[in-house]
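Read the structure below first, then the notes.
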Amino acid sequence: MQVKEKSLKELNELSNKIRERIIDVVSRKGGHFSSTLGAVELTIAMHYVFDIEKDPFIFDVSHQCYAHKLLTNRWEEFETIRQFGGLSGFTKPNEHKADYFVAGHSSTSISLAVGAAKAAKLKKENRVPVVMIGDGSMSAGMIYEALNELGDLKLPVVIILNDNEMSIAKPIGAISKYLSKLLAGKFYQSFKTSVDKFIRNNMPEGTTYLAKRVENSFKLITPGILFEEMGIDYIGPIDGHDIEEIIEVLQIAKSMNKPVIVHAKTVKGKGYKIAEGQHEQWHGVGPFNIEDGEFIKKNTKKSATEVYSYALLNLAKKYENVVGVTAAMPSGTGIDRLIKEFPNRFWDVAIAEQHAVTSMAAMAKEGFKPFITIYSTFLQRGFDQIIHDVCIMNLPVVFAMDRAGIVGNDGETHQGVFDINFLRFIPNMILFAPRDNFTLEFALEFAYTLSSPCAIRYPRGSFKELEYKANEFSLGKAELLKEGTSNKLFIGYGAGVSKAIEVEKLHNEDIAILDLRFVKPLDSDTLINLSKKYNSWYVFSDSIKQGGVASAILELLSEKNITNIYLKSFEYEDSFIDHGDTVQVEELLQLLPSQLVKLIDK
C-alpha cells in the first residue's frame, strides 16, 4: 500500500481503517492485540518516511507488526493470521520481502540493525535500518551490548522506542516537553554538531572540559541522558499517536546520518477502549466479543500451568526455602500468584533469562531451592548459564519448562521442542516429566528433594485425563503402566504417554505401555528386562528426534550390546515446525493417533 503520497487527513483515516481490520480479525481468530494496536501510527510513519524497498524494517519480537503486514499487500490475506497455512503472527521473510528478519524472541532488533548498517557501509549503499522496539525489550542485556557498539561506530540507524508501559525517564512537565521538541529541531542538532567540532578543534583542554560539563548539565534535565552517554542521539518523548509529529521527527532522525533513538509514548490497545492501558490479558488473546470484550472460552479443563502454579504455591507454603523466578511471563507461567503471595521470595526479572538463571544459582548455593519457571523456547536464551553457573557446580536448581512440545499458532520461534535435546548432554542434569496433572504435583515434590539440577517439562494447555493411578517419582525409575501380549512396547515420555495410550486403544493388538518418566538417568534395569519380552519398541515424545528420547534409549541398547530391538521414534523430524492449530500441525507431521496406528502396522 502506497502511503507516501497521502495527505495527513488520509493517513489518519488509514490508521482508523487499519485498527478496525486488526480488531475485526483478531476478535475472531485470536492473536497479539494491545501492543500492535498501539503501534499503528508509528508503523504508518515508518512507511511514510523510510523506503520499504531498500531500508531494513526491523521489528523487535515483531508481535506489533500487524499494521506493517496490512501496509505491505497482505490486507485480504490478513484473515489467515496465525492460522495453519496462513500468515505468521511475526515477521517472516519467506512470507514477504518487506519482512527483514524472522523474529519471535525479544531484544534482537538493535543487533540486527547494527549488522545491517555495517553491511550497507561495506556495500556503499544508502540504506538506513529502522527499528521498532517496545520498552519491555529494553530490559534485556543484548540491547545494551548492541547500543554500546552502535554508539561507538556512529552508523546511521533510527530506533523507535515504543514506550507503552513504563517511562524510561519521566518528562518534567511542560519544560521537558519544550526541550524535547527543541532537541528534535534541525537548528539544535546543527548547532550542537558545530559547537562540538569547534570545541574539539580550537579550544584548549581545560576549556573543552568546562564546555562538556555545561552540555552535560543541560542533558540532566532531558530524558535521554542514558542513550546520549552511550553515544546515541535521543529525541523525545513524542506523542506516538500524532502522525504529523512522528513523521516530522523521523525525517529529522533519518537526515542526521547517525544513530538516533526516537522515544514515542503510546497507549496499549489504542482504538479499542476495553483493552487500552496496562491490561496484560490483552497482550495475546483468543477470540472475543467486540461489543463487551468477553473472551470466547473453548476449554474449561484446568491447564498444566494452573496445576503447576497451585502445586508450587503449596510447596512454597510448606518449605520456606522455596524461591522462584520468571522472565517477563508472570501470568503466562502462573508465577503471578506466587509473587502476590510471597513478594520477597518470587520475582519477575523482566526479559533477562540469563540473569534469572545465574541469580538463582547463587540462591541455590546459599541454601535456597529455586524454581525457574520459564517457557521451553525461552530457556534457550539462558543456555550458557545453565552449564556454566548451575551444572558445573551441581546446584539444586529446578527448571520448570512450560509450553513444552508444539505450542500452536506462535509457530517456529516458540515451539518447545528442543529442551530435552540441549539439556540431556549436560553433566549433573536430571530430566524427568509428568504425564498428567497428578504426576505434575508429584514431580514438584520430588524436585524439591533433589540435590542436583533438574528440569521438568509440561505442555501448553491441559494434560489428557488418564485412567492410570498416579504414583510418586523415584530417581531414574520408569513405570510400566500396562503389560502386553504382543511383541510391541510403547514408550511414552511426559505428554507422550497419553498419545501412546490413545494409539494403543486404536490398535488391534494388546500392547505394553511404559511411562519412561526419566530420560536422564534412564531406568536401564527396566529397559533391559523389557527387551527380553518385547522386541518392537515405539517412542512417543513431543520433542525433536535428534538427541532426544529415542536417541537416549538407543545409546543404552548399544552400550549394553542389546541387538534384538527394532526401535521406531515418533518424535519430530529435523526441521522447524510452522504455526497453526496443534491438531492440524500434527496431522501434517503424520503424528495423529489415527495416523500412527497405520505407521505401526506397516
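Last residue of the sequence shown: 975 (the numbering used here), numbering continuous. A virtual CB, placed ideally from N, CA and C, is assigned to each residue, including glycine.
Where residue i sits in the DSSP three-state scheme
| i | result |
| --- | --- |
| Trp-448 | coil |
| Thr-416 | helix |
| Glu-739 | coil |
| Ile-886 | strand |
| Gly-546 | Bear in mind that the predicted position of Gly-546 carries a pLDDT of just 49, short of 50, making it too unreliable to give a figure here. |
| Asn-902 | helix |
| Met-511 | helix |
| Phe-836 | coil |
| Met-733 | helix |
| Val-698 | strand |
| Thr-409 | helix |
| Pro-610 | strand |
| Thr-341 | Because the chain spans 374 through 975 in this model, residue 341 falls outside it and cannot be assessed. |
| Ala-923 | helix |
| Tyr-681 | helix |
| Leu-528 | coil |
| Asn-637 | The question names Asn, but residue 637 is Ala in the sequence shown. DSSP places Ala-637 in strand when its eight states are reduced to three. |
| Phe-795 | helix |
| Ile-625 | helix |
| Ile-864 | strand |
| Ser-942 | strand |
| Ile-917 | strand |
| Phe-751 | helix |
| Gly-789 | strand |
| Phe-457 | coil |
| Val-780 | coil |
| Lys-465 | coil |
| Ile-950 | coil |
| Phe-756 | helix |
| Asp-472 | coil |
| Cys-438 | coil |
| Tyr-517 | helix |
| Asn-630 | coil |
| Lys-842 | coil |
| Gln-375 | coil |
Beta bridge counterpart(s) of residue i as assigned by DSSP
| i | result |
| --- | --- |
| Arg-830 | Met-774 |
| Trp-655 | According to DSSP, which records beta bridges pairwise, Trp-655 is partnered with nothing at all. |
| Ser-931 | Ser-931 pairs with nothing; no bridge assigned. |
| Thr-746 | Ala-773 |
| Leu-804 | Ala-828, Lys-893 |
| Val-503 | Phe-430, Val-531 |
| Phe-719 | Gly-697 |
| Phe-661 | Phe-668 |
Residue i, enclosing alpha helix (DSSP H) - first and last residue
| i | result |
| --- | --- |
| Val-398 | 381-402 |
| Pro-966 | 966-974 |
| Asp-709 | 709-714 |
| Val-976 | Shown here, the chain extends from 374 to 975; a query on residue 976 therefore has no answer. |
| Ser-704 | 703-706 |
| Leu-343 | Lying before the first or after the last residue shown, residue 343 is absent from the chain, which here runs from 374 to 975. |
| Gly-488 | 482-495 |
Residue i, enclosing beta strand (DSSP E) - first and last residue
| i | result |
| --- | --- |
| Phe-815 | Unbroken run through Phe-815 is the alpha helix (DSSP H), 810-822; no beta strand (DSSP E). |
| Asn-535 | 531-536 |
| Glu-852 | 852-855 |
| Lys-878 | Counting along the chain, Lys-878 falls outside any beta strand (DSSP E), though it belongs to the alpha helix (DSSP H) covering 869-879. |
| Val-912 | 909-913 |
Residue from the options with nearest C-alpha to residue i
| i | options | result |
| --- | --- | --- |
| Glu-785 | Gly-403, Met-419, Pro-429, Arg-455 | Arg-455 |
| Met-515 | Phe-600, His-405, Ser-480 | Ser-480 |
| Ala-925 | Phe-819, Gly-857, Leu-796 | Leu-796 |
| Ile-401 | Asn-662, Leu-804, Ile-608 | Strictly speaking, residue 401 in this sequence is Arg, with Ile absent from that position. Closest by alpha carbon: Asn-662. |
| Ser-948 | Ile-779, Val-970, Ile-938 | Ile-779 |
| Met-766 | Met-802, Ala-773, Phe-756, Thr-746 | Met-802 |
| Tyr-939 | Asn-521, Leu-929, Ala-806, Trp-910 | Trp-910 |
| Ser-871 | Arg-808, Leu-930, Gly-597, Gly-458 | Arg-808 |
| Glu-449 | Glu-667, Ile-611, Leu-768, Asp-397 | Asp-397 |
| Phe-943 | Phe-863, Ile-884, Asn-467 | Phe-863 |
| Ala-777 | Gly-666, Arg-833, Ala-828 | Arg-833 |
| Ser-388 | Gly-488, Ile-917, Thr-453, Glu-617 | Glu-617 |
| Asn-446 | Phe-432, Ile-431, Ala-486, Ile-425 | Ile-425 |
| Leu-485 | Asn-934, Ile-634, Ile-431 | Ile-431 |
Anticipated Cβ contact below 8 Å, residue i with residue j, distance rounded
| i | j | result |
| --- | --- | --- |
| Lys-638 | Glu-649 | No, Lys-638 and Glu-649 are not in contact; Cβ-Cβ is about 13 Å, not under 8 Å. |
| Gln-758 | Gln-727 | 5 Å |
| Leu-415 | Met-505 | 6 Å |
| Gly-865 | Leu-900 | So it is not a contact: roughly 14 Å between Cβ atoms. |
| Met-702 | Tyr-748 | 7 Å |
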